[in-house]
Amino acid sequence: MARHKSGHPALRKLTAEFYARPAEKLAEELIGKILVRKWRADDGKTVEHRARIIETEAYVGEHDLACHAAKGRTARTEIMFGPAGFAYVYFIYGMYDMLNIVSGKVGDAEAVLIRGAVPVDGSTLDLSGPGKLTRAMHITRRDNGADLTGDDLFIVDDGAAKPVIVRTPRIGVDYAKQWKDEPLRFIDADFHRVRGSVPRFDISAQFGKVPP
DNA sequence: ATGTCGATTTAC
DNA sequence: TAAATCGACATC
-15 MARHKSGHPA
-5 LRKLTAEFYA
5 RPAEKLAEEL
15 IGKILVRKWR
25 ADDGKTVEHR
35 ARIIETEAYV
45 GEHDLACHAA
55 KGRTARTEIM
65 FGPAGFAYVY
75 FIYGMYDMLN
85 IVSGKVGDAE
95 AVLIRGAVPV
105 DGSTLDLSGP
115 GKLTRAMHIT
125 RRDNGADLTG
135 DDLFIVDDGA
145 AKPVIVRTPR
155 IGVDYAKQWK
165 DEPLRFIDAD
175 FHRVRGSVPR
185 FDISAQFGKV
195 PP
């Protein structure tokens, strides 16, 4: 692992080549990586967020009945058919924006939904859910099509050890026939907890105690 | 032109 | 358990 003179591990921005793998693989690989978001506030100041990804889901193509691309190539899904390493951000439930990373080969409509993260920038943002994550990090439909090799929205590998990963079926896709049970959701085991049927995050591994 | 429904979150 | 809230998509 390359290191800076400071002794800190090098921060490597993920490349288009990195994203150009099957969504199922990318979803697992993105657990533990650092999502970086920079945006310009009204007063002109640049705000930066950094958060470790702890939950993802893979949407694996047109044959995946839970994938938006199962409805074919439309204005909305077009981005997923293109090259990997671009953001697919869509609006849902009249309220929330969902962040996905396009993956796989051109022509294969695959993407990875970013469902949860924990701040590593000293903030106390609640990023425990795909809608809450985008709202907190100011990611919206305006970011649809954003190039993840750019400077406003990208992911870095901080060289941390690969986390232990838990796989489960995806959330909220009960309509997807046989695809609803496919284990395409990936969670950092240190943050996995089930309270009833609602996914929650256990931060005890990081802070030494269970939240209320 | 109109109706259905959702890759969620929050409140009751 | 249900409301909020609106764009995408299917259908007429």
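Residues in the first sequence are numbered consecutively from -15, following my numbering.
All C-beta atoms in this analysis are idealised placements derived from N, C-alpha and C, irrespective of residue type, glycine included.
Just so it is clear, the structure is predicted and the values come from calculations on it, not from any experiment.
Exercise. Ends of the beta strand (DSSP E) at Y72?
Worked result: For Y72, the enclosing beta strand (DSSP E) stretches over residues A71 to I76.
Exercise. Going along the chain, which unbroken runs of the beta strand (DSSP E) with 3 or more residues stay wholly within the segment 13 to 68?
Worked result: 18 to 24 and 30 to 43
For this session: Please name the residue in A7, E8, A25 and E39 whose C-alpha comes closest to that of K17.
Result: For K17, the closest of A7, E8, A25 and E39 by C-alpha to C-alpha distance is E39.
Exercise. Would A59 be called buried (16 or more neighbouring beta carbons within 10 Å of its own) or exposed?
Worked result: It counts as exposed.
Exercise. What does a CB cutoff of less than 6 Å around A4 pick up in its chain, not counting 5 residues either side in sequence?
Worked result: A68
Problem set entry | Proximity to I85 [Cα-Cα], best of I123, D165 and D174 | I123
For this session: Closer than 7 Å by C-beta to R57: which residues in its own chain qualify, once you throw out the five before and the five after it? Chain order, please.
Result: F65
Problem set entry | Helix, strand or coil at A120 [DSSP, three-state] | helix
For this session: Consult DSSP for Y80 and reduce its assignment to one of helix, strand or coil.
Result: Of the three classes helix, strand and coil, the one that applies to Y80 here is strand, per DSSP.
Problem set entry | Residue environment, S107, which counts as buried when at least 16 other CB atoms sit within 10 Å | exposed
Exercise. How long is the line joining the alpha carbons of R184 and L137, rounded to whole angstroms?
Worked result: A caution first: R184 carries a pLDDT of 48, below 50, which makes its placement in the model unreliable, though a value can still be read off. Whole-angstrom Cα-Cα distance: 25 Å.
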